[in-house]
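Each residue of the sequence shown is one higher than the one before, counting from 20 in the numbering used here.
Glycine included, every Cβ here is placed at the ideal spot set by N, Cα and C.
Here is the structure we will look at.
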Amino acid sequence: MTNYQLWTGTYTQGEPRDGIYRLGFDGKNLSVLESWGGLTDPSYLQPVGDKVYAVEELSEGGSIIELSPGKKEYRRWTLPGSGYCHVTALGNLLYASGYSGGCLAGFDLGTERLCEFIEHEGRGTDQKRQERAHIHSARPTPDGVGLFVADLGLDKLFQYRVGPGGRLAPHEGQPFVRVAPGQGPRHFAYHPSGRFLYLVTEMGQTLRTYCYDSGSSALEFLNEYPLYETAPAPGDTAADVQLDPAGRFIYASVRGSDRIFRYKVTADPGTLEPAGSFSSGGKYPRSISISPDGRYLAAANQLSGKVAVFELGPGIPAGGAAKLQIPGAVCVKWAGNK
């Protein structure tokens, strides 16, 4: 039996409890291998080699945490801005997305210094959710020459070129693509070929497909698919999206109805076919992650404080292969995942 490891980040909510957990999974049971305390709302994690980086989601200021398995000590670097809820890696560079601050911070691990800081300006059409810019996530382009940045508040997916020292410049040909007003772009994933991007909109509850041209680094919108059965339920919001390593199925989580929707990727990866949905195994699935071998999907259910693991196959998972209580679980990553 293969032994797996997962990382889980949480909202500590001001309570004196551990914030990051390393879990073990043997195919049947989940267990806590070790945990780290003294952290405030480490809500997103990014494994890089033998280390894990996290952002603390603070209302004022921000920080990046670096920790390693088997070591209780960790390092912390402060960031300008606020509300960091996502971090991604590009070589020796980290880019952290600040939701409440509408900002993007670049950090050079080699020099251990801030290398970039960008603040978006403007607002969207939803007066409650889009009163200002809200950067929710960023990821390197498939060819590694740039960075896509999802701004929920502005209904735009921005693209930046990465220059010397990690500095960013707007893409000269296509600085951004728009989504429909009020939809709120949140997270996105790539097809293994690197030619297609799949974007989840939080308030729109849609899954949008794009073709990525590596020559021009431009995105072309292709199709849009619903993340609901018949109509959006009041209060539901889409959260995360993941593609299995073989590029056969896409999974997206929806909070409120607490379901994970599955789409089959056709021979034309920009075209999807509905393939059902299943319970997330808890309440409010903020994060999902697929094991590197494609056998299992893990979900972090925030409100029920539960990590659930499902075995994937040709059909819809009948139930969780394992569940474990982790208070305030909001991020889950399999070791070895990007």
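Helix, strand or coil, according to DSSP, for Gly163 in the structure here?
Reduced to three states, the DSSP call for Gly163 is coil.
Could I get the ranges of all uninterrupted beta strand (DSSP E) runs contained in the segment 238 to 326, with 3 residues as the minimum, in chain order?
Runs found: 256 to 262, 268 to 274, 278 to 284, 291 to 298, 304 to 309 and 315 to 320.
Determine the DSSP secondary structure at Pro204, reduced to helix, strand or coil.
The answer is strand: DSSP assigns Pro204 an E or B state.
The beta strand (DSSP E) spanning Lys47 covers which residue range?
No beta strand (DSSP E) contains Lys47, which DSSP labels as neither H nor E.
Going by other Cβ atoms of all chains shown within 10 Å of its Cβ, with 16 needed for buried, is Glu76 buried or exposed?
When all chains shown are included, Glu76 counts as buried.
Let's test the definition: count the other Cβ atoms within 10 Å of the Cβ of Leu58 and tell me whether it reaches 16, buried, or not, exposed.
Buried, because 16 or more other Cβ atoms sit within 10 Å of the Cβ of Leu58.
Are the CB atoms of Gly223 and Gly203 within a distance shorter than 8 Å?
The answer is yes: Cβ separation under 8 Å.
If you count every other CB in all the chains shown that lies within 10 Å of the CB of Thr225, and 16 or more means buried, which is it?
With 16 or more Cβ atoms within 10 Å of its Cβ, Thr225 is classed as buried.
In the DSSP output, which residue or residues are listed as bridge partners for Lys352?
Trp26.
Does Ala341 pass the burial test, meaning 16 or more other C-beta atoms within 10 Å, or should it be called exposed?
Label assigned to Ala341: buried.
Inspect the beta-carbon positions of Trp96 and Phe126 and report whether they are closer than 8 Å.
For Trp96 and Phe126, yes; Cβs fall inside 8 Å.
Using a Cβ distance threshold of 8 Å, determine whether the segment 146 to 160 contacts the segment 170 to 177, with at least three qualifying pairs required.
Cβ pair count under 8 Å is three or more, so yes.
Gly182 by DSSP, collapsed to three states: which one?
The answer is coil: DSSP assigns Gly182 none of H, G, I, E or B.
Note down, in chain order, each residue of its chain lying with its Cβ closer than 6 Å to the Cβ of His206, except the 5 sequence neighbours on either side.
Hits under 6 Å: Ser156, Val219, Asp259 and Val260.
Kindly indicate which three-state DSSP category Tyr93 falls into: helix, strand or coil?
Three-state DSSP puts Tyr93 in coil, outside helix and strand.
Measuring straight from C-alpha to C-alpha, what distance separates Leu109 and Ser323?
When rounded, the distance between both Cα atoms is 33 Å.
Tell me the residue span of the beta strand (DSSP E) that contains Tyr118.
Taken as a continuous stretch (DSSP letters only), Tyr118 belongs to no beta strand (DSSP E), as it is neither H nor E.
Among the candidates Ala294, Arg278, Leu316 and Phe329, whose CA atom is the shortest distance from the CA of Pro304?
That would be Arg278, whose Cα lies nearest to the Cα of Pro304.
Closest by CA to Glu221, which one among Val196, Gly182 and Arg274?
Here the closest residue by C-alpha is Arg274.
Using only the alpha-carbon positions, how far apart do Ala252 and Val284 sit?
The straight-line gap from Cα to Cα measures roughly 25 Å.
Buried or exposed: which applies to Asp263, given that a residue is buried once 16 or more other Cβ atoms fall within 10 Å of its Cβ?
With 16 or more Cβ atoms within 10 Å of its Cβ, Asp263 is classed as buried.
Helix or strand or just coil, what does DSSP make of Ala157?
Looking at Ala157 - three-state DSSP - the assignment turns out to be strand.
Give the single residue among Ile309, Ala319, Tyr247 and Ser306 whose Cα lies nearest to the Cα of Gly295.
Taking only the C-alpha atoms, the option nearest Gly295 is Tyr247.
DSSP three-state label for Ile83, please.
Here Ile83 sits in strand by DSSP.
Quick check on Leu226: does DSSP put it in helix, strand or coil?
In this structure, Leu226 counts as strand in the three-state DSSP scheme.
Going by beta carbon distance, what residues of the same chain come within less than 6 Å of Glu243, once the five residues before and after it are set aside?
Cβ neighbours of Glu243 beyond the five flanking positions: Thr225 and Arg227.
From Pro159 to Lys70, what distance separates their C-alpha atoms?
Answer to the nearest angstrom: the Cα atoms are 19 Å apart.
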